[in-house]
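Step one of this worksheet: look at the structure below.
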Amino acid sequence: MVGNSLYLTIILAPLISSIIVGLFGFAIGKRASHSLAILGVFISTVCSYIVLYKVQVLDLSYNGPLYTWLQVGGQTFSVGLLVDSLTSIMLVVVSSVSLMVHIYTIGYMAHEEGYQRFFSYISLFTFMMFMLVLSNNFVQLFFGWEGVGLVSYLLIGFYIKRETAIFANLKAFLVNRIGDLGFLLGIAMVLAYTGTLNYSEVFTQLPVLLNSTLPGTDWNVMTVTCILLFIGAMGKSAQFPLHVWLPDSMEGPTPISALIHAATMVTAGIFMVARLSPMYNLSPTALGVIIVAGGINCLFLGVLGIIQNDIKRVVAYSTLSQLGYMAVALGCGAYSVAIFHLMTHAFFKGLLFLAAGSVIMAMHHEQDMRKMGGLAKYMPITYITMVIGSLALAGIPPFAGFFSKDMILESAKVAFENGVPGGWFAVFTVYASIIVTGIYSFRLIFMTFHGEERFRYVSHDDHSHDKHAHSHDSHGHHHVVEPKESPWVVTLPLVLMAIPSAIIGYLGYKGFVSDSILANSVTNISWYVEHIQNEVGTPLHMILEAFTELPVYLAIGGIVIAFIAHKNPKKTASFVKAINPIYIVLERKFYMDDLYINLFAPVGRGIGRFLWNIGDMVIIDGLIVNGSAKVVGWYSRVLRKVQSGYVNSYATFMVLGVILLLTFCTKLIFS
Amino acid sequence: MMHNLISLTVWTPIVAGIIVLFFGKNECLARYLALLGAIIGFIFSAIIFFKFDPNLSGMQFEENIPWISQLHINYHFGVDGISMPFLLLNNFITVLVILAGWRVIKHKVALYNSMFLLMTGFMSAVFGALDAILFYVFFEAMLIPMYLIIGVWGSSNRVYAAFKFFLYTLMGSLLMLVALIYLYNVSGNSFDIFTYYRTPLTMVAQILIFVAFFFSFAVKVPMWPVHTWLPDAHPEAPTGGSIVLAAITLKIGGYGFLRFVLPIVPDASRFLAPLMITLSLIAIVYIGLVAIVQKDMKKLVAYSSISHMGFVTLGTFLFVGPIASVWGLQGAITQMISHGFIAAAMFMCIGVMYDRVHSRNIADYGGVATKMPIFATFFMLFSMANSGLPGTSGFVGEFMVIMAAVQNNFIYGLIAAISLILGAAFTLWMYKRVMFGEVNNHHVEEMKDVNGFEFVVLTLLAVGVLWMGLYPEIFVSKMQVGVHDLVVQVANSKI
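If you read the protein sequences in the order shown, they are chains A and B. The working numbering puts the first residue of the first sequence at 1, with every later residue one more than the last. The working numbering puts the first residue of the second sequence at 1001, with every later residue one more than the last.
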């Protein structure tokens, strides 16, 4: 293909199908709508693989403008495309997962209202995500960034009648906006100091940022800018303390939890930092901030996953924890490792969500794992694929997550050895989190697929009541129906996602470690590069070596703990009782939600009410406006007496005023 | 005809308005005549837009004939890159207003339509006027139709609202007249605005003139703390009145700062810029917080307008701030045009709901989206634009002003950017309470989706909002040279 038409095809195919399905979906029907949406994403997927081939094999990259968006003060801002190795990986990840989710949706949303609307949204999301990863400048990045946020908002609140859903989507949007505040200011800093927002032009002017301090302070501009931009990433990639929206986002239908809140959108922040790696490399302080935020996510939010009973929330907290892993890798300057984990995570976490959705369908939209159990024999495909996903998540060799996670452990160690600020915290959290990951991922497997078939014991009243409260799709079942495997449109994506979850780590390891896959787009920090040059082995070698090292045993230990707890429910219960004070803190999610909902929001509204009632009504209106009105009224009463007739008081006042002022003015001039 | 395009743009709606008023016994005829007048006016303004040469410095389409020669008052019109977009926006909005009132306004149809046409003509004249008295005459004249619109079609509290409006404008108008007479004297008996641009003035005189202009323009914008008339005026006005008020009338304040204040008293502007920047930042944050807790949708959008107009004054005075930034100036103009579309759209949306339920109270709604899915889509788009989402026009102006703010002072940028959170909070929280959730009363239960007229109006506004968001260059490129002219004028000290 000529010029940039291949890249344009990738972007425009989902946009066009989204618009057609969105506007005319009601007319063309469900079948045509989903076919069109899938066709759009399919075209993008094929083209993405062609791009991958072009970039990785033929070494052809592209960086050019599409059209001029804005010209201000001699600076031109264009909508433009940057296709390099990082973009090619992101394109393949986004389009592949999106395609799987599109197919899966046919089964999952089959009986839902707003079927076409849903397809229109997820195609629009895919478009926005492409805009984000293909951008060659900050403005377009921000467009894609906010665009995916918009679609996420629309999809979390997809069930517009459900109070919890429309609360969650507003919360998600506003918390993200806090991040965007930082992000936009970061962009403004880049523009103010370099005079451009084009990545490649900014990267040539890094010394300007590095050698300036913020006026009035001794803060380094590079550090300030990097931290501001990372605040944006904290919102989008749900890093502590802006993570609070992600667990609530599970109110959305499960396919979008897989696509948006696991595989793609939430990794946008990780992508952004990797994209800007030349900047972050120059600010150890910013990297330290990233390590701390990532470490907290990794361990402390991961722990919350252990106590969740909602199957989707377990996976959501595991996403927070894994995003923490990626952030730690970024903070250690090992950007390519973060992208490697981003890729493996996209597949296995997408898979886990889709499998969880399959379980939820079999359970008639019941999401509480306490009402499941023993499902393995009813839904073997879901079971096997979910186990593969969980093994990958827990980091058991040779599954995908093992390789990427092992490299994060390595880079944390290297960072610690090189005295990076927060290096010890990185090492501690990533190691401790391995056990946690093992526990929550296999607690989910055991509770859902093994043991008693608890769904049989749910009392009818309770069941129907619960459905009414939590489910959008009450089928009106008041009796237990045998759970059955989901249709092929659901299981096919599971299988197709399970394959990369199993092998992609093995395949990608060498390329990501030696940095050949992300060559020329991501600049890893120097000490990491030096260390890795001495360390590269074959993936097979890695697997064998793993069994002589600690991490694998930590992961297995976690799984064993989950198993023991599963087999001894009474002892587990008494253990929970013993640590009750801690348990309460965990149940309140470290009181972070309370901070936002019971402190920030009411205080904001309180200030608003105060300013309105006191500032506007009492001071400005009451004293000044009505006060002067009273004065006018008094004048007019006096004037009425003087003129003893019906004269419009205002007009009189006006004329008098004009005369007075004119006199004053004339005096001023001629004096 | 090419030489008096501005006159045609100004007088077509005025003449059409008078014709409608006198021949409008037949309501149907009145509507069609009004629409015809509005469309012809719009076509003239569109011709100006397309014929406008963005590479030429100075005024274009100039008309200059003596009007009252004893006092050296001229009938002098002309547009540059700064005023021309407003001419187009003004006439565009009029077409929409006539369409929006098509089915809704059932009594005094002719009067209603003619008032809007008169208003349009007057406001076009304000944007085109290059003679101070010509400007002043139309600046005052445009208030008459607005008083009538609020007075005749307004609701219960209209007396207080009109009174407040009157007091505020009275103060400003008088002081401006005084300033103009003073300028007439010191400039050697001239009412020509360009002569004022060249008139040397002492700092004291400049500050006094600044204060005089400030009161008339800041009230229009409206800037904090002279804003309280707007949240009272909007709920009293009918939908069309609110649209014109928010979309065009407020812009005259912002335009006044650009046409009069900055070039006539550049030194005072520079001197007082920190004060003006502070007032603008207060407007953005204070008003944003106040908007969150509003219970009346129109008041909420009125406060949101004040907050967004804060970006206009912020950008304008950042331009004369410590680090002169063209970003601020262009951002201010862009924000005004964008806000014209968005505020019009927001008031249109509220009007659509008001026509069905006859309430502006947020609490009287809930679950509207299930009953009106097409409307919900439009309203979502405009709400997102109001929250400043990139890709919509709402982003472009705010983006440019925030960039300018950070160039000046990081703290300015930080405070201005809080609007990102507040704008989303007040807009989307309202959207949530009105549109989402279960339908909980029979008024909402009976709501029907948009009709043909509403659909056309909303579609046109949506095109404007998206077009300006995705390709702002088409507007911004037209104003480059005009902005540059202003830069040159402001750069010179007049002391």
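Cβ coordinates follow ideal geometry from the N, Cα and C atoms, glycine included.
Mapping DSSP to helix, strand and coil, what is B/Asn-1064?
Here residue 1064 of chain B refers to the residue found at position 64 of the second sequence. DSSP places B/Asn-1064 in strand when its eight states are reduced to three.
Beta carbons nearer than 8 Å to chain B: which residues of the stretch 40-69 of chain A have them?
Tyr-67, Thr-68 and Trp-69
Can you confirm whether B/Leu-1250, when its beta carbon is compared against all beta carbons of chain A, has any partner nearer than 8 Å?
Looking up residue 1250 of chain B in the second sequence gives position 250. So, not an interface residue.
When you check each C-beta in the stretch 137-152 of chain A against every C-beta of chain B, which residues fall closer than 9 Å?
Taken in chain order, the members of the stretch 137-152 of chain A whose beta-carbon sits within less than 9 Å of a beta-carbon on chain B are Val-139, Gln-140, Phe-142, Phe-143, Gly-144, Trp-145, Glu-146, Gly-147, Gly-149 and Leu-150.
Assuming B/Phe-1311 and B/Glu-1398 are in contact, meaning their beta carbons sit under 8 Å apart, how far apart are those beta carbons, in whole angstroms?
The residue given as residue 1311 of chain B occupies position 311 in the second sequence. The residue given as residue 1398 of chain B occupies position 398 in the second sequence. The beta carbons of B/Phe-1311 and B/Glu-1398 sit about 6 Å from each other, so the pair counts as a contact at 8 Å.
I'd like to know if B/Pro-1472 contacts chain A, where contact means its C-beta is closer than 8 Å to some C-beta of that chain.
Here the question's residue 1472 of chain B lines up with position 472 in the second sequence. Taking Cβ atoms only, chain A reaches closer than 8 Å to B/Pro-1472, which makes this a yes.
For B/Tyr-1365, would you say it is in contact with chain A, using Cβ-to-Cβ distances shorter than 8 Å as the test?
As a first step, residue 1365 of chain B must be located in the second sequence, where it is residue number 365. It does not; no Cβ of chain A falls within 8 Å.
Looking only at its own chain, which residues have a Cβ that is under 6 Å from the Cβ of A/Val-93, when we skip the five neighbours before and after it?
What you label residue 93 of chain A is simply residue 93 of the first sequence in a count that begins at 1. Result list for A/Val-93: Met-343 and Ala-346, in chain order.
Looking at chain B, is there any beta carbon in it that lies within less than 8 Å of the beta carbon of A/Glu-163?
Locating residue 163 of chain A in the first sequence gives position 163, where the first residue counts as 1. Yes, A/Glu-163 lies at the interface with chain B (some Cβ there is under 8 Å from its Cβ).
Give a yes or no on whether 8 Å exceeds the smallest Cβ distance from B/Ser-1156 to chain A.
Taking the first residue of the second sequence as position 1, residue 1156 of chain B is located at position 156. False, the Cβ-Cβ gap to chain A never drops below 8 Å.
Between the Cα of A/Tyr-199 and the Cα atoms of A/Leu-185, A/Ile-166, A/Thr-213 and A/Val-139, which residue gives the shortest distance?
Start at 1 with the first residue of the first sequence, and residue 199 of chain A comes out as number 199. Between A/Tyr-199 and the set A/Leu-185, A/Ile-166, A/Thr-213 and A/Val-139, the nearest pair of CA atoms involves A/Val-139.
For A/Val-97, which of A/Pro-581, A/Phe-416 and A/Leu-259 has the nearest alpha-carbon?
Here residue 97 of chain A is taken as the residue at index 97 of the first sequence, counted from 1. Checking every option, the nearest Cα to that of A/Val-97 belongs to A/Leu-259.
Contacts that A/Phe-173 makes with chain B (C-beta to C-beta distance below 8 Å):
Counted from its first residue, the first sequence places residue 173 of chain A at position 173. Under the 8 Å cutoff, chain B gives Ala-1424 and Leu-1428.
So is B/Leu-1167 in contact with chain A if we call contact Cβ pairs under 8 Å?
Mapped onto the second sequence, residue 1167 of chain B falls at position 167. Yes, because at least one Cβ of chain A sits closer than 8 Å to the Cβ of B/Leu-1167.
Check whether chain A comes within 8 Å of B/Lys-1432, counting only Cβ atoms and requiring the distance to be less than that.
Residue 1432 of chain B sits at position 432 when you count from the first residue of the second sequence. Taking Cβ atoms only, chain A reaches closer than 8 Å to B/Lys-1432, which makes this a yes.
Let me make sure I understand the geometry here. Which of A/Val-560, A/Thr-213 and A/Met-222 has the alpha-carbon closest to that of A/Phe-203?
As a position in the first sequence, residue 203 of chain A is number 203, starting the count at 1. Checked all of A/Val-560, A/Thr-213 and A/Met-222; the closest Cα to A/Phe-203 is A/Met-222.
Residues of chain A with a CB under 7 Å from the CB of B/Gln-1407: which are they?
Position 407 of the second sequence holds residue 1407 of chain B. Ordered by position in chain A, the residues that pass the 7 Å Cβ test against B/Gln-1407 are Ala-192.
Would A/His-477 count as contacting chain B if we go by Cβ distances under 8 Å?
Here residue 477 of chain A corresponds to residue number 477 of the first sequence, with the count starting at 1. Note that A/His-477 scores 46 on pLDDT, short of 50, meaning its location in the model is unreliable; the coordinates nonetheless yield the value given after this. No, because no Cβ of chain B sits closer than 8 Å to the Cβ of A/His-477.
To be precise: take each residue of the stretch 1365-1392 of chain B, compare its Cβ to all Cβ atoms of chain A, and keep it if any distance is under 7 Å. Which residues remain?
Gly-1367, Ala-1369, Thr-1370, Met-1384, Leu-1389, Pro-1390 and Gly-1391
Through-space distance from A/Asp-84 to A/Ser-257, alpha-carbon basis:
Here residue 257 of chain A refers to the residue found at position 257 of the first sequence. Here residue 84 of chain A refers to the residue found at position 84 of the first sequence. Roughly 28 Å between the two C-alpha positions.
If we call anything under 8 Å between Cβ atoms a contact, is B/Gly-1340 one with B/Ile-1474?
Position 340 of the second sequence, counted from the start, is the residue given in the question as residue 1340 of chain B. Position 474 of the second sequence, counted from the start, is the residue given in the question as residue 1474 of chain B. Not in contact: B/Gly-1340 and B/Ile-1474 (Cβ atoms no closer than 8 Å).
Among B/Gln-1294, B/Ser-1307 and B/Tyr-1354, which one has its Cα closest to the Cα of B/Val-1104?
The residue given as residue 1104 of chain B occupies position 104 in the second sequence. Selected option, being the one with the closest Cα: B/Tyr-1354.
At the 8 Å Cβ level, is A/Met-674 part of the contact set with chain B, yes or no?
This structure cannot settle anything about residue 674 of chain A, because the visible part of chain A is limited to 1 through 671.
Can you name the residues of chain A whose CB is closer than 7 Å to the CB of B/Trp-1327?
As a first step, residue 1327 of chain B must be located in the second sequence, where it is residue number 327. What B/Trp-1327 touches in chain A: Val-72 and Gly-73.
Check each residue of the stretch 1213-1233 of chain B: if its Cβ is closer than 7 Å to any Cβ of chain A, include it; give the result in chain order.
Flagged, chain order: Pro-1225 and Thr-1228.
Please classify A/Tyr-457: is it buried, with 16 or more other beta-carbons within 10 angstroms of its beta-carbon, or exposed?
In the first sequence, residue 457 of chain A corresponds to position 457, counting from 1. Exposed: under 16 other Cβ atoms inside 10 Å.
Taking beta-carbon pairs under 7 Å, can you tell me which members of the stretch 302-330 of chain A lie near chain B?
none
Secondary structure at B/Phe-1077, three-state DSSP: helix, strand or coil?
As a first step, residue 1077 of chain B must be located in the second sequence, where it is residue number 77. Three-state DSSP puts B/Phe-1077 in a strand.
Of all the residues that make up the stretch 584-616 of chain A, which are near chain B by a beta-carbon distance shorter than 8 Å?
Gly-604, Arg-605, Ile-607, Gly-608, Arg-609, Leu-611, Trp-612, Gly-615 and Asp-616
Along chain A, which residues have their Cβ under 8 Å away from the Cβ of B/Val-1437?
Stepping through the second sequence from its first residue, residue 1437 of chain B is reached at position 437. A small fix is needed here, since residue 1437 of chain B is Gly in this sequence, not Val. The contacting residues are Ile-160, Lys-161, Glu-163 and Ile-166.
Output the boundary residues of the beta strand (DSSP E) element that contains A/Phe-77.
Position 77 of the first sequence, counted from the start, is the residue given in the question as residue 77 of chain A. It spans 75-83 - the beta strand (DSSP E) in which A/Phe-77 sits, taken as one unbroken run.
Between B/Val-1476 and chain A, is the shortest Cβ-Cβ distance under 8 Å, so that the two count as touching?
By 1-based counting over the second sequence, the position of residue 1476 of chain B is 476. Answer yes: the Cβ-Cβ gap between B/Val-1476 and chain A drops below 8 Å somewhere.
Return the residues of the stretch 202-218 of chain A that lie within a Cβ-Cβ distance of less than 8 Å from chain B, sorted by chain order.
Leu-214 and Pro-215
Within 8 Å (strictly less), CB to CB, does A/Ser-33 reach chain B?
For the purposes of this step, residue 33 of chain A is identified with residue 33 of the first sequence, where counting begins at 1. Chain B, which has no Cβ nearer than 8 Å to the Cβ of A/Ser-33, makes this no.
Per the DSSP calculation, B/Ile-1131 is bridged to which residue(s)?
One-based indexing of the second sequence puts residue 1131 of chain B at position 131. The amino acid at residue 1131 of chain B is misidentified as Ile; the sequence shows Asp. BP columns for B/Asp-1131 point to B/Asp-1192.
Please state whether the Cβ-Cβ distance between A/Ile-291 and A/Cys-332 is less than 8 Å.
The residue labelled residue 291 of chain A in the question sits at position 291 within the first sequence. The residue labelled residue 332 of chain A in the question sits at position 332 within the first sequence. Contact: yes.
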